[in-house]
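Encoded as structure tokens, the structure appears first; notes follow it.
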Amino acid sequence: LATSETIATRRSLRAKPYSPKRRLDRRRKYRYSVTRIFVMRSDWHGRIKRPRSYKLPDVGCNCMERVKRQIIRIDAEKCDGCGLCAEACHEGAIRIVDGKAKLISESYCDGLGDCIGECPRGAISFEIREADSYDEEAVERKRVQQASFPCRCPKTALRSLETVASAEPARSMLLNWPIQLRLVPVNAPYLKNADVLLAADCTAASVPDFHNRFLKGKVLLMGCPKLDDAKAYRKKLADMIRANDIKSLHVVIMEVPCCGGLSRLAEGAVEEARKSVDLTKTVVGVRGNVLKEETLRYNFGDA
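Sequential numbering of the sequence shown, starting at 33, is according to the working numbering.
In structure tokens form, the structure reads like this:
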């Protein structure tokens, strides 16, 4: 039997519990923590006591796991900033920065390569390297945030624009109807030997003197390369050029990259039609100012 002296000695050797003050100090010390871990405590006899919850301070580190996997690679020298890859990437991993496509986050890229087939310059390829693992939850959160504004094209940020009143009366220069490219028949009589203006839908609203500057004396065709069927437009425009001996084609687009698809389909239509046509491309800003203009002369030696 243990004597009272032995019992007292054993009690004195036991680990003293935390005092209320020490517990309070410990809570204050880690009050900014967000992560908890559980450890098993044991006294000096090796006896297991109940788990105690400790808080770890949040030091703001990025704990994304890095793994060796397939991911896209963008060649900046080949990229022309058309923005087709940014439209094709459903995860939002690509953004146009300073006129070049850029992978903004490795964790947004799933490595499936939806963007590769859309690049007309061959600037995107696959590579196997160490990268952040694909974070599907982060991608979903990003989609929810962008749900109210579906277009991810650069330069389409919401903004308020000041208006300038004009005292001059506006006169319409419209020569044909309908004007939507998908509604105009290939053999429309007003297309014969005509000078055609192919304009993106947004340009007429952005350029205050659209009629006087671009439309005068031309047949108007309008469309949106982002919302409409660009492949069908290219084929139809090629048929129009081939069947009506169109003299010139003037393409007017906005500065946003997704609008550049209208210019590319016009070039493709002229090459497919194999007809000598002067193709003029004009890029306008949201304020209606002309940012860039160039003329391409196609000469196929057609009779």
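Glycine residues also receive a C-beta, built at the ideal position from the N, C-alpha and C atoms.
Of the listed residues the options, nearest to residue i (C-alpha basis)
i: I285; options: E109, G131 and A236; result: A236
i: I137; options: I104, H243, K224 and M254; result: It is worth fixing the name first, because residue 137 is Ser in this sequence and not Ile. Cα-wise, what sits closest to S137 is I104.
i: N331; options: G320, E299, N321 and V315; result: E299
i: A118; options: A133, K248, R153 and L252; result: A133
i: D164; options: R329, V315, R98 and D241; result: R98
i: S238; options: G293, G317, N219 and M205; result: G317
i: L215; options: A264, K110, L144 and D241; result: A264
i: T327; options: V283, C290, C234 and C291; result: V283
i: K248; options: M205, L259, A220 and K279; result: M205
Where residue i sits in the DSSP three-state scheme
i: I148; result: helix
i: M205; result: coil
i: R105; result: strand
i: K134; result: strand
i: A231; result: strand
i: R214; result: coil
i: L259; result: coil
i: V284; result: strand
i: K174; result: helix
i: R98; result: strand
Cα-Cα separation, residue i to residue j
i: S139; j: E168; result: 8 angstroms
i: D261; j: L213; result: 11 angstroms
i: D146; j: A231; result: 29 angstroms
i: D107; j: I128; result: 13 angstroms
i: E162; j: V171; result: 20 angstroms
i: L135; j: V288; result: 19 angstroms
i: H122; j: G143; result: 12 angstroms
i: G255; j: L269; result: 11 angstroms
i: C93; j: R153; result: Per-residue confidence for C93 stands at a pLDDT of 47, beneath the threshold of 50, marking its modelled position as unreliable; the derived number appears in the next sentence. If you take the alpha carbons of C93 and R153, they lie about 38 angstroms apart.
i: P217; j: P210; result: 9 angstroms
i: A120; j: E150; result: 7 angstroms
i: H243; j: Y166; result: 50 angstroms
i: T141; j: G293; result: The residue asked about is misnamed: residue 141 is Cys in this sequence, not Thr. Taking the straight line from one Cα to the other gives about 24 angstroms.
i: V176; j: L116; result: 22 angstroms
Boundaries (first-last residue) of the alpha helix (DSSP H) holding residue i
i: V302; result: G292 to A305
i: E325; result: No alpha helix (DSSP H) holds E325; the beta strand (DSSP E) holding it covers V322 to R329.
i: A237; result: T235 to S238
i: A120; result: L116 to A120
Close beta carbons around residue i, own chain, < 8 angstroms, minus the five adjacent residues each side
i: I273; result: L281, A301, V302, A305, K307 and V309
i: R79; result: At R79, the pLDDT of 47 sits below 50, so the modelled position is not reliable; the number obtained from the coordinates is stated separately. Correct list: empty, nothing qualifies.
i: V251; result: L207, N208, Y222, L223, A226, D227, V228 and L229
i: E325; result: T312, K313, T314 and V315
i: L193; result: Unreliable positioning characterises L193 in this predicted model, as indicated by a pLDDT of 46, which lies under 50. The coordinate reading is nonetheless provided below. For L193, where only same-chain residues beyond five positions count, the Cβ hits under 8 angstroms are V318 and R319.
Span of the beta strand (DSSP E), counted from its first residue to its last, around residue i
i: R127; result: I126 to V129
i: E159; result: I156 to D164
i: L252; result: V251 to G255
i: A262; result: Premise fails: A262 lies in the alpha helix (DSSP H), A262 to N276, not in any beta strand (DSSP E).
i: A220; result: Run containing A220: none; DSSP gives neither H nor E here.
i: V315; result: D310 to V316
Beta-carbon proximity list for residue i, same chain, < 6 angstroms, skipping 5 on both sides
i: K174; result: G124
i: F181; result: Note that F181 has pLDDT 47, beneath the 50 cutoff, so the model's placement of it is unreliable and the number below is only indicative. Result list for F181: empty, nothing under 6 angstroms.
i: R266; result: L297, G300 and A301
i: N276; result: L223 and K224
Proximity test, Cβ basis, 8 angstroms: residue i and chain B
i: A301; result: You won't find chain B in this structure, because it holds only one protein chain.
Residues of its chain near residue i, where Cβ-Cβ distance is below 7 angstroms and the 5 sequence neighbours each way are ignored
i: I278; result: L223, A226, V228, M272 and V309
i: V322; result: T314 and V316
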